[in-house]
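Novice:
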Amino acid sequence: MMAGSSDYHIRMQGPDDKPGLILIHGFLGSSLDWLPVTRTIGNEYRFMLPDLPGHGQTPASDLPFESQIELLAETLECRQRTPSFLAGYSMGGRIALYLALRHPELFRKAIIISASPGLKTEKERQSRRESDALLATKIETNFRQFLKDWYNLPLFVTLKNHPSLYSVLRARERNKPDRIAIALRTLGTGSQPSLWQELGNSQIPLTFFAGEKDLKYVEIGRQMVNLCPRINLEIFPECGHTLHIEKHALFIDRLLLSLTEESSL
Numbered sequence: 000m001m002a003g004s005s006d007y008h009i010r011m012q013g014p015d016d017k018p019g020l021i022l023i024h025g026f027l028g029s030s031l032d033w034l035p036v037t038r039t040i041g042n043e044y045r046f047m048l049p050d051l052p053g054h055g056q057t058p059a060s061d062l063p064f065e066s067q068i069e070l071l072a073e074t075l076e077c078r079q080r081t082p083s084f085l086a087g088y089s090m091g092g093r094i095a096l097y098l099a100l101r102h103p104e105l106f107r108k109a110i111i112i113s114a115s116p117g118l119k120t121e122k123e124r125q126s127r128r129e130s131d132a133l134l135a136t137k138i139e140t141n142f143r144q145f146l147k148d149w150y151n152l153p154l155f156v157t158l159k160n161h162p163s164l165y166s167v168l169r170a171r172e173r174n175k176p177d178r179i180a181i182a183l184r185t186l187g188t189g190s191q192p193s194l195w196q197e198l199g200n201s202q203i204p205l206t207f208f209a210g211e212k213d214l215k216y217v218e219i220g221r222q223m224v225n226l227c228p229r230i231n232l233e234i235f236p237e238c239g240h241t242l243h244i245e246k247h248a249l250f251i252d253r254l255l256l257s258l259t260e261e262s263s264l
């Protein structure tokens, strides 16, 4: 189990004198997920690619959500010289939003990809924790079947028709089921605090990316914009939840534009 911030594995790439860019992967992923992005961008940024607890080379942790993410903030602060750019996808997007709202001094701007500020009520969170506990048991008993069922969810319908699906599945099969089950129980949406009430107080600019066919997250993005004038919503055409995979070139273009454009209130 995680004993301290040093247990976070962070893949470092790029020149030390370039602006920092932290990229946080989603559930079942790892820092390796971002290598197609870092290879495309090249040496324009100093990349920090953390493995979330239970994923990649970071051990699982049974600490509460906030304790785990506070340790991540501590680790990132130790690794950067000046505030960095921040981006996260899905579970990583929820975590990135938490970091941006709770530790704005560490970041220049945050890009939230296919993620949410969490569930608004304790009743919703309790229900999600219960359903995630059932999923965690499935992960522990038959991980291969879990993966098959997971990528058959409507959330990933557009990914199923994409040529990258096979490589995504092969990468996911390398996970250790016991560690992933712990991560789901502790880092799932039901375990994190709601951030909806904090959006309006954001001290750094935020950009929200959503695929136009991912209707749930398009609506979440619109609700977030209504609550926070510092959020810019960008909809990606003809793709869904995994927009960074389905529309890789467009994702790179919009990511770089978001990082380089002047930010205003």
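Per numbering that gives the first Met the number 0: the sequence shown = residues 0 to 264.
Ideal Cβ placement from N, Cα and C applies to all residues, glycine included.
Under the three-state reduction of DSSP, which class applies to N231: helix, strand or coil?
Specialist: Position 232 of the sequence shown, counting from 1, holds the residue named residue 231. Reduced to three states, the DSSP call for N231 is strand.
Novice: Starting from Q12, trace the alpha helix (DSSP H) both ways and give me its first and last residue.
Specialist: The residue labelled residue 12 in the question sits at position 13 within the sequence shown. Careful: Q12 lies outside any alpha helix (DSSP H), inside the beta strand (DSSP E) at I9 to Q12.
Novice: Excluding the 5 residues preceding and the 5 following D32 in the sequence, name in chain order all residues of the same chain whose CB lies nearer than 7 Å to its CB.
Specialist: Translated into positions along the sequence shown, residue 32 becomes position 33. Same-chain partners within the cutoff: H24.
Novice: Can you name, in chain order, every residue of its own chain whose Cβ lies under 8 Å from the Cβ of E123, other than the five neighbours on each side?
Specialist: Along the sequence shown, one-based indexing puts residue 123 at 124. Closer than 8 Å at the Cβ level, and outside the excluded window around E123, lie G189.
Novice: Please determine if the region 130-142 and the region 176-189 are in contact, where contact requires at least 3 C-beta pairs separated by less than 8 Å.
Specialist: Contact holds: three or more Cβ-Cβ distances are below 8 Å.
Novice: Residues in the same chain with beta-carbon distance under 7 Å from R221, minus the five sequence neighbours each way, listed in chain order, please.
Specialist: As a working mapping, residue 221 is identified with position 222 in the sequence shown. Cβ neighbours of R221 beyond the five flanking positions: L232.
Novice: Grouping DSSP H, G and I as helix and E and B as strand, with all else coil, what is F26?
Specialist: Along the sequence shown, one-based indexing puts residue 26 at 27. Reduced to three states, the DSSP call for F26 is coil.
Novice: Suppose the cutoff is 7 Å on Cβ atoms and the five residues either side in sequence are ignored; what does the same chain contact list for E76 look like?
Specialist: The count along the sequence shown starts at 1 and reaches residue 76 at position 77. Answer for E76: L105, listed in chain order.
Novice: If you follow the alpha helix (DSSP H) that G92 is in, where does it begin and where does it stop?
Specialist: Residue 92 sits at position 93 when you count from the first residue of the sequence shown. Start and end: M90 to R101.
Novice: Drop a sphere of 10 angstroms on the beta-carbon of E245, count the other beta-carbons inside from all chains shown, and report buried for 16 or more, exposed for fewer.
Specialist: Here the question's residue 245 lines up with position 246 in the sequence shown. When all chains shown are included, E245 counts as buried.
Novice: Taking contact to mean 3 or more Cβ pairs, one atom from each stretch, closer than 8 Å, check whether the region 61-68 and the region 8-25 are in contact.
Specialist: No contact exists between the region 61-68 and the region 8-25.
Novice: Can you list, in chain order, the residues of its chain whose CB lies under 6 Å from that of R128, leaving out five sequence neighbours each side?
Specialist: The residue given as residue 128 occupies position 129 in the sequence shown. If we look at R128 and ignore the five residues flanking it on each side, its Cβ neighbours are G189.
Novice: Please return the same chain residues whose Cβ sits closer than 8 Å to the Cβ of P63, not counting the five positions on each side in sequence.
Specialist: Taking the sequence shown and counting its residues from 1, one reaches residue 63 at position 64. Closer than 8 Å at the Cβ level, and outside the excluded window around P63, lie T185 and S190.
Novice: Is the region 197-211 in contact with the region 109-122, if contact means three or more CB pairs nearer than 8 Å?
Specialist: Yes, they touch.
Novice: Between the alpha carbons of F155 and I251, how many angstroms are there, rounded?
Specialist: In the sequence shown, counting from the first residue as 1, residue 155 sits at position 156. In the sequence shown, counting from the first residue as 1, residue 251 sits at position 252. Taking the straight line from one Cα to the other gives about 21 Å.
Novice: Name the two residues that bound the continuous beta strand (DSSP E) containing R45.
Specialist: Taking the first residue of the sequence shown as position 1, residue 45 is located at position 46. R45 to P49 is the span of the beta strand (DSSP E), which, as asked, contains R45.
Novice: Can you tell which of I203, I230 and L183 has the C-alpha that lies nearest to the C-alpha of S83?
Specialist: Reading the sequence shown from its first residue, position 84 is the one you call residue 83. Answer by Cα proximity: I203.
Novice: Verify the CB distance criterion: does K122 have a CB-CB separation below 8 Å to chain D?
Specialist: Although the question refers to chain D, the structure presented lacks it and comprises just one protein chain.
Novice: According to the neighbour-count rule (16 or more other Cβ atoms, all chains shown, within 10 Å of its Cβ), is D61 buried or exposed?
Specialist: Looking up residue 61 in the sequence shown gives position 62. Label assigned to D61: exposed.
Novice: Run the CB neighbour count on L256, radius 10 Å, all protein chains shown included, and call it buried at 16 or more, exposed below.
Specialist: The count along the sequence shown starts at 1 and reaches residue 256 at position 257. The residue in question, L256, is exposed, as its Cβ has fewer than 16 Cβ neighbours within 10 Å.
Novice: Under 7 Å Cβ to Cβ from S193, same chain only, skipping five residues before and after it: list those, please.
Specialist: Looking up residue 193 in the sequence shown gives position 194. Within the same chain, S193 has close Cβ partners P116, G117, L118 and K119.
Novice: Select from L96, K17 and D50 the residue whose C-alpha is nearest the C-alpha of N42.
Specialist: Mapped onto the sequence shown, residue 42 falls at position 43. Taking only the C-alpha atoms, the option nearest N42 is K17.
Novice: Is the beta carbon of T57 less than 8 Å from the beta carbon of Y88?
Specialist: As a working note, residue 57 is residue 58 in the sequence shown. As a working note, residue 88 is residue 89 in the sequence shown. The answer is no: Cβ separation not under 8 Å.
Novice: By how many angstroms is the C-alpha of I94 removed from the C-alpha of G28?
Specialist: One-based indexing of the sequence shown puts residue 28 at position 29. One-based indexing of the sequence shown puts residue 94 at position 95. Roughly 14 Å between the two C-alpha positions.
Novice: In whole angstroms, give me the CA-to-CA distance for K175 and E139.
Specialist: Here residue 175 refers to the residue found at position 176 of the sequence shown. Here residue 139 refers to the residue found at position 140 of the sequence shown. Spanning the two alpha carbons is a distance of roughly 9 Å.
Novice: Do you know how far the Cα of K159 is from the Cα of D148?
Specialist: Residue 148 sits at position 149 when you count from the first residue of the sequence shown. Residue 159 sits at position 160 when you count from the first residue of the sequence shown. Using only the alpha carbons, I get a separation of about 12 Å.
Novice: Do L48 and R10 have their beta-carbon atoms positioned less than 8 Å apart in this structure?
Specialist: The residue labelled residue 10 in the question sits at position 11 within the sequence shown. The residue labelled residue 48 in the question sits at position 49 within the sequence shown. Yes, they are a contact pair.
Novice: Taking buried to mean at least 16 other C-beta atoms within 10 Å of its own C-beta, is L214 buried or exposed?
Specialist: Within the sequence shown, numbered from 1, the residue matching residue 214 stands at position 215. The residue is exposed, with fewer than 16 neighbouring Cβ atoms inside 10 Å.
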